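Numbering (my numbering), first residue to last: 43 to 284. Glycine included, every Cβ here is placed at the ideal spot set by N, Cα and C. All values derive from a computational prediction rather than experimental measurement.
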């Protein structure tokens with residue numbers, strides 16, 4: 043679906059199957075197309091072994107966005123378009139963990155997480171296609187357009203991509219054994235990074251968050267705004283026209 047503001051029409055594509063990311067964008071006034079990436083996440087992570095944890099999630103987000111960009115042949119599109127990729131993982135006790143997929147693994151993780159804290163790293167990548175870039179002027183970017191401490195801008199022959207990571211400190215509560223077991227009997231903790239959600243059934247087990255709440259959900263709206271601003275675009279350019 044096209045987005046429109048002040049004469050500029052932008053097509054926004056979300057390279058993620060996450061319902062939470064989609065709903066976060068929708069709540070912010072953006073109605074993206076969804077195109078799920080088929081990237082081999084294990085292979086990407088293995089290729090970046092030894093990098094910082096913020097760097098790893100940034101690489102995963104970039105790989106997802108790049109695959110969708112290539113598959114949809116957006117370099118040749120006459121429609122101004124951005125592709126957004128994202129990936130979230132939890133760092134706790136020096137280990138980077140993603141989705142558990144199995145109840146036993148989720149239980150082990152919660153035993154380590156309860157009454158503790160962890161850093162949630164959410165990598166983002168935004169790819170701008172040529173049809174959009176020719177309408178933007180990076181000179182219009184604010185002087186203080188600092189995107190993120192973990193930031194990479196790549197200029198290709200037919201795209202510009204900006205990758206960055208938002209890190210948030212999550213303080214976990216101490217759920218009772220009965221509450222934890224009931225939670226683990228639901229499908230929710232098996233299919234989300236870190237075995238928890240802050241906006242779902244697991245929200246009661248999170249005591250507080252230091253940093254961007256939306257990043258814990260799976261996509262940082264302020265970080266996306268800074269990425270857009272750094273290329274001379276406005277955040278409201280993505281608002282869906284009524």
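Taking a cut-off of 8 angstroms for Cβ pairs, the segment 89-103 and the segment 118-137 touch, as three or more such pairs fall below it. Excluding the 5 residues flanking it on each side, residue 139 has same chain C-beta neighbours closer than 7 angstroms at 131, 132, 151 and 236, in chain order. Taken through DSSP and simplified to helix, strand or coil, residue 245 comes out as helix.
Counting C-beta atoms within 10 angstroms of its own C-beta, residue 82 has fewer than 16 neighbours from the protein chains shown and is therefore classed as exposed.
Shortest Cα-Cα distance from residue 55 to any of 127, 251, 120 and 141 involves 127.
Taking every protein chain shown into account, the CB of residue 209 has 16 or more other CB atoms within 10 angstroms, so this residue is buried. If you ignore the 5 residues before and after residue 222, its C-beta comes within less than 7 angstroms of the C-beta of 152, all in its own chain and listed in chain order. Excluding the 5 residues flanking it on each side, residue 110 has same chain C-beta neighbours closer than 6 angstroms at 57, 77, 79 and 125, in chain order. Within the segment 109-194, the complete beta strand (DSSP E) segments of 3 residues or longer fall at 123-134, 137-139 and 159-170, listed in chain order. DSSP, reduced to helix, strand and coil, places residue 234 outside both helices and strands of the structure shown, so it counts as coil. Within its own chain, the residues whose Cβ lies closer than 6 angstroms to the Cβ of residue 162, once the five positions on either side in sequence are excluded, are 132, 210, 212 and 258, listed in chain order.
In this structure, 202 is the residue among 202, 194 and 157 with its C-alpha nearest to the C-alpha of residue 179.
In the three-state reduction of the DSSP assignment, residue 212 falls in the strand class. Cβ contact annotation for residue 122 (same chain, cutoff 8 angstroms, sequence separation greater than five): 50, 51, 52, 53, 171, 173, 174 and 177, in chain order. Secondary structure at residue 70: coil, using DSSP grouped into helix, strand and coil. Around the beta carbon of residue 273, 16 or more other beta carbons sit within 10 angstroms, so the residue counts as buried. For the segment 50-108, the full-length beta strand (DSSP E) segments reaching 3 residues or more read 50-56 along the chain.
When the beta-carbon positions are compared, residue 266 and residue 168 come within less than 8 angstroms of each other. Contact between residue 166 and residue 105 is absent: CB atoms are separated by about 13 angstroms, not below the 8 angstroms threshold. When the five nearest sequence neighbours on each side are left out, the beta carbons in the same chain lying within less than 8 angstroms of the beta carbon of residue 72 are those of 45, 54, 280, 281 and 282, in order along the chain. If you draw a 10 Å sphere on the C-beta of residue 255, you find fewer than 16 other C-beta atoms in it, and that means exposed.
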